[in-house]
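Peer 1: 8 is the number of the first residue of the sequence shown in my numbering; add one for each residue after it. Right, I'll just put the structure down here and ask away after.
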Amino acid sequence: MNNRKKALVFGLVTVAIWSTVASAFKISLRHLDPLQLLLCACAASIVALTSVMAFQGTLGELRKMSRGAVARCGLLGALNPFLYYIILFKAYDLLPAQEAQPLNYTWAITLSLLAVPLLGQKMSLKDMAAILISYIGVIVISTHGEILALEFSNLTGVALALGSTIIWALYWIFNTKSKADPMAGLLLSFLFGFPLILATTLIFSELPPLKIGAILGATYVGFFEMGFTFALWLTAMKYAAMPDGGGTARVANLIFLSPFISLIFIHFIVGEDILPATITGLGFIIAGNALMQYKPKRDSRS
């Protein structure tokens with residue numbers, strides 16, 4: 008199997024797994040509150056990330072990190088997993104999965120917006136059009152298609168879902184300056200974030216019940232939303248970047264499949280009836296994301 012096919016296989020497997028996590032969130036939240044779910048999922052993700060690095064023989068990367076890099080990971084851990092997943096899980100607790108998942112998918116648009124003041128990037132007319140298209144989709148989903156009435160299904164849930172994209176975008180913007188190994192940096196962020204999550208859970212909730220359904224659901228979220236799939240995606244991008252890999256853009260575009268596949272799982276596993284407004288709004292969001300990433304090819308004669 009050549010590198011192009013390896014990149015495609017790893018990319019498709021990652022997208023397929025990521026497509027299940029919205030359903031896993033909703034099912035897990037039937038047994039746990041958002042803080043309890045995050046506590047268990049974070050513990051599982053630490054196990055997953057440590058296992059992957061041990062298998063790859065890269066645990067030594069942790070010892071190579073400078074104090075500054077370690078401190079940066081500690082600060083990043085306050086954003087992800089701590090703040091990001093608290094906000095995201097609460098949004099899923101308040102909203103149907105078919106609403107929370109597409110709204111969270113606008114993080115790429117939020118990233119582009121925040122890159123203007125924080126990274127000094129300029130915004131073109133194309134970028135502004137992409138943002139407008141995506142947020143039309145947000146309104147369509149949030150109002151169940153009743154755009155003119157502007158009656159949101161759950162305004163708090165919508166605000167939290169959109170707010171989570173700000174935290175996620177900030178995490179990746181600040182992470183761009185990190186020189187640490189990606190897996191090592193992520194593991195350290197989760198190790199630093201875990202005590203914050205534990206303390207918050209003890210103050211505002213309680214330790215999760217030792218029930219099989221709760222533990223299995225949270226473990227699945229930790230393994231496949233936060234842990235193993237990150238390694239799979241990095242592997243896909245590594246193969247794609249090789250000379251015969253086909254390019255990283257080709258693999259990155261596979262992510263556009265995830266929210267649509269996710270709706271299938273949400274319907275058949277969670278039991279939600281998918282509204283036409285959800286599909287329409289998601290179409291707007293994906294179109295906005297695609298337009299944001301689109302770069303016209305230059306004429307080879309110029």
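C-beta atoms are modelled at their ideal positions from N, C-alpha and C, and glycine is treated no differently. This one's a predicted model, so the numbers in the text were calculated from it and none came from an experiment.
Let's see if you can read the secondary structure: which residues bound the alpha helix (DSSP H) around P103?
Peer 2: Segment: none, P103 is in no alpha helix (DSSP H) and carries neither H nor E.
Peer 1: From Y92 to V165, what distance separates their C-alpha atoms?
Peer 2: Those two C-alpha atoms are separated by around 15 Å.
Peer 1: Where does G164 sit, in a helix, a strand or coil, going by DSSP?
Peer 2: Looking at G164 - three-state DSSP - the assignment turns out to be helix.
Peer 1: Taking the alpha helix (DSSP H) that V145 belongs to, which residues open and close that run?
Peer 2: 132-149 is the extent of the alpha helix (DSSP H) around V145.
Peer 1: Quick check on R79: does DSSP put it in helix, strand or coil?
Peer 2: Helix.
Peer 1: Hey, out of S52, M8, V258, L95, whose CA is closest to E232's CA?
Peer 2: Closest option to E232, Cα to Cα, is S52.
Peer 1: Using three-state DSSP, classify F159 as helix, strand or coil.
Peer 2: In this structure, F159 counts as coil in the three-state DSSP scheme.
Peer 1: Do A191 and L69 come within 7 Å of each other at the CB atom, strictly closer than that value?
Peer 2: Cβ distance < 7 Å, so L69 and A191 count as in contact.
Peer 1: Using the Cβ count rule (16 or more neighbours within 10 Å means buried), how would you classify M299?
Peer 2: M299 is buried by the Cβ-count criterion.
Peer 1: Flag S265 as yes when its Cβ comes closer than 6 Å to any non-hydrogen atom of the ligand FMN, and as no otherwise.
Peer 2: Ligands displayed in this structure: none; no statement on the ligand FMN is therefore possible.
Peer 1: Rounded to whole angstroms, how far is the Cβ of I148 from the Cβ of P109, which I believe are closer than 8 Å?
Peer 2: Confirmed, about 6 Å.
Peer 1: In this structure, how does DSSP classify E232 when only helix, strand and coil are distinguished?
Peer 2: If DSSP states are grouped into helix, strand and coil, E232 belongs with the helices.
Peer 1: Taking the beta carbon of Q128 as the centre, do at least 16 other beta carbons fall within 10 Å, making it buried, or is it exposed?
Peer 2: Exposed is the call here.
Peer 1: What residue does the alpha helix (DSSP H) around F197 start on, and which one ends it?
Peer 2: Element bounds for F197: 189-211.
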